[in-house]
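In our numbering, the protein residues as written are 808 to 1232.
A virtual CB, placed ideally from N, CA and C, is assigned to each residue, including glycine.
The structure appears below as structure tokens.
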Amino acid sequence: MKKIDILLLGAGGREHALLMKLAESPRAGKLYVAPGNGGMLQVAEAAPVSQDSPAEVAAWAKDNGIGLVVVGPEAPLVEGVADAVRAAGIACFGPNADAAQMEGSKEFAKKVMARANVPTATYRSFTDRTAAEAYVRELAGPCVVKADGLAAGKGVIVAQTTEEALAGVAQCFDGAFGAAGQTVVIEEMLEGPECSLLALTDGTTVVPLATSQDHKRAYDGDKGPNTGGMGVYSPVPAQLVSAEDLDTMVDVMRRVVAQLKADGITYSGCLYGGFMLTKDGPKVLEFNARFGDPETQVVLPRMHADLVEVFLACDAGNLAEDMVSWDDDWAVSVVLASAGYPGAYEGGKRITGIAQAEQQPGITVYHAGTKLVEDGDLLTAGGRVLDVTAVAPSFAEARERAYAACELIDFDGKQFRTDIGARAL
Ligand code: AMP
Ligand code: GLY
């Protein structure tokens, strides 16, 4: 079996989890990361390229005999990194720029959903501020205001009142989310528990992965501002997502990929479906063009697959359902964040206890915002610092293990939610 060298782009917990799974593959040769983090750089070498530059990534990959480039985050995909890598004759995991519009433009995604007849919130989109304000007043109640483009998970205002919605519209047009906010999508507010479904696809075959549930709000009891995600578990129990709901969600993923293909766009990579389980059935909240973070940190540990083979198959167009199977275990991951996150936070705090935590049964600690320094110390270097993931035969045990491990790890200002999975359990 020929080994191939791999370049992985990104620096979060998601990328650390991807890296560990890629490293397990018998096909994995040398592993490079750009930029990586304190955990990733313990198992891979840094590649001196900017992850958002299609030309730099493609040229470096070619010069260094890379056989597979794996793109973790959305920004490089929207910039066209996958297009450039493929044009250089190198296999790439992640959609081309046109397909990445499923995440890069909420309006684009809504139009695809309408053509594919997929259930989602009703919406209107605006480039004119006065028209947007008039629509919000006409709705006269709860609605959701979204900046159209990429805003690192922050461009969504869930407004209970007209005043909150007007403030959201103002934020978008006043440039709080940069260019992303110059087109504004205003949609119906959906209610119910959320459920994420990731799917791998080569543009034709769609392989759904296990369900998971993120916790987006910063504080216990789903209070406080939206974040990138404070904790997650997998799978979502049948009491929350029925077999019928799951069928609907899988069907949505298949219909969207087929619709894109009919539109002349091959979607190759991971498609992330964010769903609200409403009383009228699952409805799409959003699509992302990549693995979820922190969803990946609970989905991959339960997955049996040769990730290198699977990613190559997504690129080559020969993905097959039987390349992936699942553990019966449960996984829970708790995010340890810096004080102040998702607002301003300080980096550079010394982290202790990771090795001790990883000696506990079923525990893996994925690094998100960490940095290794010369004396071998590990320092905080981001809002979300670590993802403490536990796998166990029961949901309750996975939760207990994860929280026991969180207590063993320390850094100045450590904050985390204490109720990840509590409601579902
Ligand atoms: P998005 O980035 O579009 O997924 O939005 C981020 C979060 O905002 C979602 O995970 C939901 O918690 C919330 N959200 C987005 N759209 C809606 C909606 N139509 N109704 C209620 N909540 C929403
Ligand atoms: N956990 C939410 C996301 O990855 O977008």
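Residue j beta carbon less than 8 angstroms from that of residue i
i	j	result
Leu-973	Met-1060	no
Val-1139	Ala-1209	yes
Ala-1006	Pro-1015	yes
Ile-1216	Gly-1155	no
Leu-825	Leu-814	no
Pro-1108	Thr-1196	yes
Arg-1097	Cys-1121	no
Val-1063	Val-925	yes
Val-919	Asp-955	no
Thr-1012	Ser-1075	no
Asp-1100	Arg-821	yes
Ala-830	Gly-843	no
Among the options, nearest to residue i - alpha-carbon criterion
i	options	result
Val-1105	Tyr-1173, Ile-1158, Gly-1124	Tyr-1173
Cys-979	Ser-932, Ala-947, Gly-999, His-1022	Ser-932
Pro-949	Tyr-930, Gly-956, Arg-936, Thr-934	Tyr-930
Arg-1157	Ala-1151, Thr-1171, Val-1180, Asp-1135	Val-1180
Pro-1200	Asp-1135, Leu-1185, Ala-1212	Asp-1135
Ala-1188	Asp-1070, Thr-937, Lys-1221	Lys-1221
Ala-898	Ala-923, Pro-1101, Val-878, Gly-1190	Val-878
Asp-905	Ala-891, Gly-887, Asp-1113, Tyr-839	Gly-887
Pro-1042	Ala-835, Leu-829, Gly-1176, Ala-1017	Ala-1017
Gly-999	Ala-921, Thr-1085, Val-1198, Asn-1125	Thr-1085
Val-1198	Arg-1224, Asp-1070, Ile-1170, Asp-1052	Ile-1170
Glu-995	Val-952, Met-1037, Gly-985	Val-952
Status (buried if at least 16 other CB within 10 Å, exposed otherwise) for residue i
i	result
Lys-810	exposed
Pro-833	exposed
Ser-1132	exposed
Ala-854	buried
Ala-894	exposed
Met-808	exposed
Gln-849	exposed
Lys-913	buried
Gln-1166	exposed
Thr-1284	This structure cannot speak to residue 1284, because the chain is shown only from 808 to 1232.
Gln-967	exposed
Glu-1153	exposed
Any non-hydrogen atom of ligand 4 within 7 angstroms of residue i CB
i	result
Gly-1081	For ligand 4, the structure offers nothing, since it holds only ligand 1 and ligand 2.
Residue i - partner residues in DSSP beta bridges
i	result
Pro-1032	DSSP output for Pro-1032 lists no bridge partner at all.
Leu-875	Ile-813, Ala-898
- Task: Mind listing, in chain order, the continuous beta strand (DSSP E) runs of no fewer than 3 residues lying wholly within the region 1168-1192?
- Result: 1170-1174, 1177-1179, 1185-1187
- Length-filtered (3 minimum) beta strand (DSSP E) runs lying within the region 1045-1096: 1076-1085, 1088-1095
- Which runs of the beta strand (DSSP E) fall wholly inside the region 817-897 and span at least 3 residues, in chain order? 835-842, 873-878
- Any alpha helix (DSSP H) of 4 or more consecutive residues that is wholly inside the region 950-1033: 969-980
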